[in-house]
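Peer 1: Take this structure first; my questions come after.
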Amino acid sequence: GAGVSQSPSNKVTEKGKDVELRCDPISGHTALYWYRQSLGQGLEFLIYFQGNSAPDKSGLPSDRFSAERTGGSVSTLTIQRTQQEDSAVYLCASSLASGTGELFFGEGSRLTVL
Amino acid sequence: GIQVEQSPPDLILQEGANSTLRCNFSDSVNNLQWFHQNPWGQLINLFYIPSGTKQNGRLSATTVATERYSLLYISSSQTTDSGVYFCAVIGNQFYFGTGTSLTVIP
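Chains C and H are the protein sequences, given in the same order.
Note that the working numbering gives residue 68 to position 68 of the first sequence, counting from 1, and the numbers run on in steps of one.
Note that the working numbering gives residue 1051 to position 51 of the second sequence, counting from 1, and the numbers run on in steps of one.
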């Protein structure tokens, strides 16, 4: 696509429920990144993919968080048994290849856990 | 990973004033980007600048890779410049600074 597309743009869920966030990168971009931004804070790295593999999962805050990417394109970030501290904006970005080329961000998915 | 420090953390300007934002990084990098996060949270690419100087309207940026810093210049600031400015450096992945929060007062 023309830009990085994320869905849903807003998600309100109850504590304990599972949520899935989706990211569709720019066509031709092989690297895909997930970041989290809590209110008033900076960008917290979660995970990145080069193709379908995830060389660096070090930023995932707990085992409730997982991500996958299939077909070298769309990625899904899954949060199981959501907690209130998971409330944040989840941002996806893509670039031509890992550590190469300009990084472009989507508009984010705002998650609110009640 | 690479450490990225931005200064100042906060900046308040009168409309029309000029400012300089700084980004220091701890190791050799392949490239560097500046972003503006507007009050609605959208991250906008400003400059992709491995070295040298680039200009885009009232904004310009200079990166001195050998000395591990980059500067973002904003001239004749406008209220629409308000938001957070992030620097990101590119090693084997992207490393972000904690940002400079800019408020431009009419």
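Backbone N, C-alpha and C define an ideal beta-carbon position, used for all residues, glycine too.
What separation, rounded to the nearest whole angstrom, lies between the Cα atoms of LEU60 (chain C) and ALA1017 (chain H)?
Peer 2: The residue given as residue 60 (chain C) occupies position 60 in the first sequence. The residue given as residue 1017 (chain H) occupies position 17 in the second sequence. Taking the straight line from one Cα to the other gives about 41 Å.
Peer 1: ASP116 (chain C): buried (16+ other C-beta within 10 angstroms of its C-beta) or exposed?
Peer 2: Since the first residue shown for chain C is 1 and the last is 114, residue 116 (chain C) is missing from the structure and cannot be characterised.
Peer 1: Is the Cβ of GLN1093 (chain H) closer than 9 Å to any Cβ of chain B?
Peer 2: In the structure shown, chain B does not exist; the protein chains are C and H.
Peer 1: Does the stretch 97-105 of chain C come close enough to the stretch 1059-1078 of chain H to have 3 or more Cβ pairs within less than 8 Å?
Peer 2: no
Peer 1: Suppose the cutoff is 6 Å on Cβ atoms and the five residues either side in sequence are ignored; what does the same chain contact list for ALA1088 (chain H) look like?
Peer 2: Along the second sequence, one-based indexing puts residue 1088 (chain H) at 88. The answer, listed in chain order, is GLN1033, PHE1094, PHE1096.
Peer 1: I'd like to know whether the C-beta atoms of GLN83 (chain C) and ARG64 (chain C) end up nearer to each other than 9 Å.
Peer 2: Working through the first sequence from its first residue, we reach residue 83 (chain C) at position 83. Working through the first sequence from its first residue, we reach residue 64 (chain C) at position 64. Yes, they are a contact pair.
Peer 1: Please list the partners that GLN1042 (chain H) has in chain C, where partner means a Cβ-to-Cβ separation under 7 Å.
Peer 2: In the second sequence, residue 1042 (chain H) corresponds to position 42, counting from 1. Ordered by position in chain C, the residues that pass the 7 Å Cβ test against GLN1042 (chain H) are GLU107.
Peer 1: Taking its Cβ as the centre, do 16 or more other Cβ atoms sit within 10 Å of ASP1081 (chain H), making it buried, or is it exposed?
Peer 2: Here residue 1081 (chain H) refers to the residue found at position 81 when the second sequence is read from its first residue. Buried is the call here.
Peer 1: In this structure, does DSSP put ALA2 (chain C) in helix, strand or coil?
Peer 2: To locate residue 2 (chain C), count along the first sequence from 1; it is residue 2. In the three-state reduction of the DSSP assignment, ALA2 (chain C) falls in the coil class, being assigned neither a helical nor a strand state.
Peer 1: For chain H, check one thing: does any of its Cβ atoms lie closer than 9 Å to the Cβ of TYR90 (chain C)?
Peer 2: Your numbering for residue 90 (chain C) matches position 90 in the first sequence. Closer than 9 Å: no.
Peer 1: Leaving out five residues before and five after PRO1008 (chain H) in sequence, what residues of the same chain have Cβ atoms less than 7 Å from its Cβ?
Peer 2: Numbered from 1 along the second sequence, position 8 holds the residue referred to as residue 1008 (chain H). Same-chain partners within the cutoff: THR1100.
Peer 1: Just grab the DSSP bridge partners of ALA54 (chain C) for me.
Peer 2: Locating residue 54 (chain C) in the first sequence gives position 54, where the first residue counts as 1. Under DSSP, no beta-bridge partner is assigned to ALA54 (chain C).
Peer 1: Going by CA-CA distance only, name the one from C:SER95, C:LEU96, C:ALA88 that's closest to LEU21 (chain C).
Peer 2: Locating residue 21 (chain C) in the first sequence gives position 21, where the first residue counts as 1. Of C:SER95, C:LEU96, C:ALA88, the smallest CA-CA separation from LEU21 (chain C) is found for C:ALA88.
Peer 1: Listing by chain order, which chain C residues have their CB less than 7 Å from the CB of PHE1096 (chain H)?
Peer 2: As a first step, residue 1096 (chain H) must be located in the second sequence, where it is residue number 96. Those within 7 Å of PHE1096 (chain H) in chain C are GLY42, LEU43.
Peer 1: Taking SER62 (chain C) as the reference, which of C:ILE26, C:LEU77, C:PRO25, C:GLN50 has the closest Cα?
Peer 2: Counted from its first residue, the first sequence places residue 62 (chain C) at position 62. Looking at the Cα atoms, C:LEU77 is the closest of the given residues.
Peer 1: Between C:GLN41, C:SER38, C:TYR33, C:LEU39, which lies nearest to SER58 (chain C) when the distance is taken from Cα to Cα?
Peer 2: Start at 1 with the first residue of the first sequence, and residue 58 (chain C) comes out as number 58. Distances from the alpha-carbon of SER58 (chain C) to those of C:GLN41, C:SER38, C:TYR33, C:LEU39 put C:TYR33 closest.
Peer 1: Which residue or residues does DSSP assign as beta-bridge partners of ALA67 (chain C)?
Peer 2: On the first sequence, residue 67 (chain C) is found 67 positions in, with the first residue counted as 1. Paired residues: C:LEU77.
Peer 1: By the 10 Å Cβ neighbour count, where 16 or more other Cβ atoms means buried, how is SER95 (chain C) classified, buried or exposed?
Peer 2: To locate residue 95 (chain C), count along the first sequence from 1; it is residue 95. So SER95 (chain C) counts as buried.
Peer 1: State the Cα-Cα distance for the pair PHE1086 (chain H) and PHE1035 (chain H), rounded to the nearest angstrom.
Peer 2: Counted from its first residue, the second sequence places residue 1086 (chain H) at position 86. Counted from its first residue, the second sequence places residue 1035 (chain H) at position 35. Whole-angstrom Cα-Cα distance: 5 Å.
Peer 1: Which residues mark the beginning and the end of the beta strand (DSSP E) in which LYS11 (chain C) is found?
Peer 2: Taking the first residue of the first sequence as 1, we reach residue 11 (chain C) at position 11. Taken as a continuous stretch (DSSP letters only), the beta strand (DSSP E) holding LYS11 (chain C) covers 10-13.
Peer 1: Is ASN1030 (chain H) buried or exposed, if buried means 16 or more other CB atoms sit within 10 Å of its CB?
Peer 2: Locating residue 1030 (chain H) in the second sequence gives position 30, counting from the first residue. ASN1030 (chain H) comes out exposed.
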